[in-house]
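Chemist:
Protein chains: 2
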Amino acid sequence: MAKLIECIPNFSEGRDLEKVEKIVNVLRGRDGVKLLDYSSDSDHNRTVVTVIGDPAKLEEAIVEFAGVVYENIDMTKHEGGHPRMGALDVVPFVPISDVTMDECKEMANRVGEKIGEMYSVPVYLYEEAATATHRKNLAKVRKGQYEGFFEKIKEEQWKPDFGPIEMNEKSGCTAISARVPLVAFNVNLGTDNLEVATKIGKVVRHIGGGLRYVKAMGVMLEERNIAQVSMNLVNYEKTAVYRAFEMIKMEAKRYGVPVVGSEVIGLVPMAALIGCAEYYLQIENFSMDQILEKRVME
Amino acid sequence: MAKLIECIPNFSEGRDLEKVEKIVNVLRGRDGVKLLDYSSDSDHNRTVVTVIGDPAKLEEAIVEFAGVVYENIDMTKHEGGHPRMGALDVVPFVPISDVTMDECKEMANRVGEKIGEMYSVPVYLYEEAATATHRKNLAKVRKGQYEGFFEKIKEEQWKPDFGPIEMNEKSGCTAISARVPLVAFNVNLGTDNLEVATKIGKVVRHIGGGLRYVKAMGVMLEERNIAQVSMNLVNYEKTAVYRAFEMIKMEAKRYGVPVVGSEVIGLVPMAALIGCAEYYLQIENFSMDQILEKRVME
Chain A
693 MAKLIECIPN
703 FSEGRDLEKV
713 EKIVNVLRGR
723 DGVKLLDYSS
733 DSDHNRTVVT
743 VIGDPAKLEE
753 AIVEFAGVVY
763 ENIDMTKHEG
773 GHPRMGALDV
783 VPFVPISDVT
793 MDECKEMANR
803 VGEKIGEMYS
813 VPVYLYEEAA
823 TATHRKNLAK
833 VRKGQYEGFF
843 EKIKEEQWKP
853 DFGPIEMNEK
863 SGCTAISARV
873 PLVAFNVNLG
883 TDNLEVATKI
893 GKVVRHIGGG
903 LRYVKAMGVM
913 LEERNIAQVS
923 MNLVNYEKTA
933 VYRAFEMIKM
943 EAKRYGVPVV
953 GSEVIGLVPM
963 AALIGCAEYY
973 LQIENFSMDQ
983 ILEKRVME
Chain B
693 MAKLIECIPN
703 FSEGRDLEKV
713 EKIVNVLRGR
723 DGVKLLDYSS
733 DSDHNRTVVT
743 VIGDPAKLEE
753 AIVEFAGVVY
763 ENIDMTKHEG
773 GHPRMGALDV
783 VPFVPISDVT
793 MDECKEMANR
803 VGEKIGEMYS
813 VPVYLYEEAA
823 TATHRKNLAK
833 VRKGQYEGFF
843 EKIKEEQWKP
853 DFGPIEMNEK
863 SGCTAISARV
873 PLVAFNVNLG
883 TDNLEVATKI
893 GKVVRHIGGG
903 LRYVKAMGVM
913 LEERNIAQVS
923 MNLVNYEKTA
933 VYRAFEMIKM
943 EAKRYGVPVV
953 GSEVIGLVPM
963 AALIGCAEYY
973 LQIENFSMDQ
983 ILEKRVME
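Just so you know, the protein sequences line up as chains A and B, in that order.
Quick note on the numbering used here: the first sequence kicks off at 693 and runs consecutively.
Quick note on the numbering used here: the second sequence kicks off at 693 and runs consecutively.
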């Protein structure tokens, strides 16, 4: 199978759609790189891009893309509801096929070094690419946001990993990472009681004593008048989709509430679902190379 | 996703491996066509090839391939344990992605017509491409085999669909079809009693009153000393893998026998397993376009 890395850069412009097009265009029509999706949110004033490709070609594309983002966005004028520390806010690299996490970490490092030097933007590495434990969590890295970074950057423990050690006023800073693909998976409950979903969410998620790579909360599906446990599975290899699903079923029993369905939001890596089929069908010694479509992509 | 058709031609040579290489080589290094697998069996004196590609390019490749098969194999000298009616015995076309069964039927027709005319070989269409009900089942079409076809071909109901209406002595006849991908799926039982597997196989399979697209039999896994229900799922879209699996579990209960595992043999289309994950996780409104890898292949 061909080597493939996914990148989901987030940049701080979600209102001026002409500008968004101009920026996203850098990722169009490139050899070996495919723009899969992008969506702008005007409340957040932010655009999330999904692009995938051959590692070397993707790396080249992202470095060029960063330059266009910095050129077109002025953080001194930015307002929006979503936390952000810079014009090119976050750049996670995700291994998709025939690529190790280490290769993604190396890519995060090379891109960080290049972007830092070429555009004079301070760069922080986070998640799997973090250079210290306190830098793993993006929320902690980004705390204080753009406005706070003029001071934060001076603290020894928040010295940038690459680029200048002083704030770039126009562009802010950029956080780059390597991480496993995220699966957005929601489980619908046969109840109109939001509290049940909230309680289940709290015990299933990591911070509540639940599964290590699950983030969860209860939400109400107003149209259907049912409650839902909405999850982000941040490492489906270590916390499998079926495990989170079965745990929610188990917890729902205590309330006499059935699980009536589930949904996968957006894109999902094939292996996350194939792994569930393997579990429920009790398949022994299965290899992803047995998937016909994977063989075709080789 | 790119249009993809799979073809699994079987030809009547499995002993002279130099000859096998010469024949298979026609399918190598072609633009838009990929040789996925081939395996020769000397007892059967037969080789099974798996090739996949863009419909037009695959069609061209298979027509050329047929010529090389007919050139290199002499059926008057062929012996082997597997039923066969010709040098190029069967040529099934299977829709893999963004292709309908009708497109595969049309392909079977075009290839049949070309092969029949170009190489003067009688051609029969079977399975989904069959031109009459009695020609659907390959075993019925092939009955009598090469040796019997000198007479069988003269019967009105066995008049070839394409090519000459007389037998080709050197090459025999060729059967061409369109069919859905076959999934070889076996379920392991926690017993050393072969009879249990045999009984379960009999009620699960179509001819025993079971599921429409299941062929099944009991076999013994000598090494592990356990019995297995060995199945061919000949239409996983209509008879899902999980349905066959759950039915075996249900039947095994009657004997107090647990299902201890299962295995997928060879290649399996992604959708056959994703469909099982959808069932067990109760996923609503899932689309195969949400599979990241499919989007990459677009």
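Every residue gets a Cβ at the ideal spot worked out from N, C-alpha and C, and that includes glycine.
Source: prediction; values computed, not measured.
(1) What residue range is occupied by the uninterrupted beta strand (DSSP E) comprising Cys699 (chain A)?
(2) Roughly how many whole angstroms lie between the Cα atoms of Phe703 (chain B) and Ile788 (chain B)?
(3) Based on the DSSP output, what are the partners of Phe937 (chain A) in its beta bridges?
(4) Since Tyr730 (chain A) and Val740 (chain A) are thought to touch, with beta carbons under 8 Å apart, how far apart are those beta carbons, to the nearest angstrom?
(5) Between the C-alpha atoms of Glu887 (chain B) and Ala824 (chain B), what's the straight-line distance to the nearest angstrom?
(6) Can you find the residues in the same chain that come closer than 7 Å, C-beta to C-beta, to Gly893 (chain A), ignoring five residues on each side of it along the sequence?
(7) Do Val813 (chain B) and Asn860 (chain B) have their C-beta atoms within less than 8 Å of each other?
(8) Tell me the DSSP secondary structure of Thr931 (chain A) in three-state form.
(9) Please compile the residues from chain A whose C-beta is within a distance smaller than 9 Å of the C-beta of Tyr934 (chain B).
(10) May I ask you to report which of helix, strand or coil DSSP gives Arg827 (chain B)?
(11) When you compare the CB positions of Gly745 (chain B) and Ile697 (chain B), do they come within less than 8 Å of one another, or not?
(12) Classify Thr768 (chain B) as buried or exposed, calling it buried when 16 or more other Cβ atoms lie within 10 Å of its own Cβ.
(13) Can you tell me which residues form a DSSP beta bridge with Ile983 (chain B)?
(14) Any Cβ of chain A within less than 8 Å of the Cβ of Leu976 (chain B)?
(15) In three-state DSSP terms, what is Gly910 (chain A)?
(16) Do you know offhand how far Val725 (chain A)'s Cα is from Val988 (chain A)'s?
(17) Whose Cβ in chain B lies nearer than 8 Å to the Cβ of Pro1007 (chain A)?
(18) Is any beta-carbon of chain B found at less than 8 Å from that of Ile995 (chain A)?
(19) Are any of the Cβ atoms in chain B nearer than 8 Å to that of Ile940 (chain A)?
(20) Does Gly882 (chain A) get closer than 8 Å to chain B when you measure Cβ to Cβ?
(21) Please determine, among B:Ala694, B:Met980, B:Ala944, B:Gly804, the residue with the shortest C-alpha to C-alpha distance to Thr883 (chain B).
(22) From the beta carbon of Met962 (chain A), is the nearest beta carbon of chain B less than 8 Å away?
(23) Going by CA-CA distance only, name the one from A:Met810, A:Ala919, A:Val782 that's closest to Ala800 (chain A).
(24) What separation, rounded to the nearest whole angstrom, lies between the Cα atoms of Tyr838 (chain A) and Pro852 (chain A)?
(25) Mind checking who Ala870 (chain B) pairs with in its DSSP beta bridge?
(26) Less than 8 Å between the CB atoms is what I'm expecting for Leu925 (chain B) and Ala867 (chain B), so what's the real figure, rounded?
(27) Which bits of chain A does Val951 (chain B) rub up against, with CB to CB less than 7 Å?
(28) Just to confirm my understanding: we take Gly836 (chain B), look at its own chain, exclude 5 residues before and 5 after, and list those with CB closer than 7 Å. What are they?
(29) Relative to the C-alpha of Ser869 (chain B), which candidate in B:His826, B:Gln849, B:Cys796 has its C-alpha closest?
(30) Pull up the CB-CB distance for Asn927 (chain A) and Tyr905 (chain A), whole angstroms please, since I reckon it's below 8 Å.
(31) For Phe841 (chain A), decide whether its Cβ has a neighbour in chain B, counting only Cβ atoms nearer than 8 Å.
(32) Could you check whether the Cβ of Lys726 (chain A) sits closer than 8 Å to any Cβ belonging to chain B?
(33) Pro747 (chain B): buried (16+ other C-beta within 10 angstroms of its C-beta) or exposed?
(34) Determine the DSSP secondary structure at Lys726 (chain B), reduced to helix, strand or coil.
(35) Assuming Ala889 (chain A) and Ala936 (chain A) are in contact, meaning their beta carbons sit under 8 Å apart, how far apart are those beta carbons, in whole angstroms?
(36) Just list the residues that DSSP pairs Asp733 (chain A) with in beta bridges.
Modeler: In brief:
(1) Taken as a continuous stretch (DSSP letters only), the beta strand (DSSP E) holding Cys699 (chain A) covers 696 to 699.
(2) Near 22 Å, if we compare the C-alpha coordinates of Ile788 (chain B) and Phe703 (chain B).
(3) In the DSSP output, where bridge partners are listed per residue, Phe937 (chain A) has none listed.
(4) Going by Cβ atoms, the distance from Tyr730 (chain A) to Val740 (chain A) rounds to 7 Å, so yes, they are a contact pair.
(5) Straight-line Cα distance between these residues: approximately 38 Å.
(6) Within the same chain, Ala908, Met909, Gly910, Val921 come within 7 Å of Gly893 (chain A) by CB-CB distance, once the 5 residues on both sides are set aside.
(7) Remark: C-beta atoms of Val813 (chain B) and Asn860 (chain B) approach each other more closely than 8 Å.
(8) Three-state DSSP puts Thr931 (chain A) in coil, outside helix and strand.
(9) By Cβ distance, chain A contributes Ala969, Tyr972, Leu973.
(10) Annotated three-state conformation of Arg827 (chain B) is helix, per DSSP.
(11) At a Cβ-Cβ threshold of 8 Å, Gly745 (chain B) and Ile697 (chain B) count as neighbours.
(12) Thr768 (chain B) should be labelled exposed.
(13) Per DSSP, the beta bridge partners of Ile983 (chain B) are A:Val960.
(14) Note that residue 976 (chain B) corresponds to Glu in the displayed sequence, not to Leu. With respect to chain A, the C-beta atom of Glu976 (chain B) has a partner C-beta closer than 8 Å.
(15) Note: Gly910 (chain A) maps to strand in three-state DSSP.
(16) Approximately 18 Å, taken between the alpha carbons.
(17) There is no way to answer for residue 1007 (chain A), as the model of chain A reaches only from 693 to 990.
(18) As shown, chain A starts at 693 and ends at 990. That puts residue 995 (chain A) outside it, with no answer to give.
(19) Closer than 8 Å: no.
(20) Answer no: the Cβ-Cβ gap between Gly882 (chain A) and chain B never drops below 8 Å.
(21) Minimum Cα distance to Thr883 (chain B) is reached at B:Ala944.
(22) With 8 Å as the cut-off, Met962 (chain A) counts as an interface residue toward chain B.
(23) Checking every option, the nearest Cα to that of Ala800 (chain A) belongs to A:Val782.
(24) If I take the Cα positions, the gap works out to 14 Å.
(25) DSSP, once it has assigned bridges, lists B:Phe785, B:Glu819 as partnering Ala870 (chain B).
(26) About 21 Å separates the two Cβ atoms, so there is no contact after all.
(27) Those within 7 Å of Val951 (chain B) in chain A are Gln974.
(28) Residues of the same chain with a CB within less than 7 Å of the CB of Gly836 (chain B), apart from the 5 flanking positions on each side, are Lys844 in chain order.
(29) Looking at B:His826, B:Gln849, B:Cys796, the one whose alpha-carbon comes closest to that of Ser869 (chain B) is B:Cys796.
(30) 4 Å between Cβ atoms; contact.
(31) Closer than 8 Å to the CB of Phe841 (chain A) there is not a single CB belonging to chain B.
(32) Interface flag for Lys726 (chain A) against chain B is set, since a Cβ pair is found closer than 8 Å.
(33) Answer is buried; the Cβ neighbour count reaches 16.
(34) Reduced to three states, the DSSP call for Lys726 (chain B) is strand.
(35) The Cβ separation is near 14 Å, so there is no contact.
(36) In the DSSP secondary-structure assignment, Asp733 (chain A) is bridged to A:Arg738.
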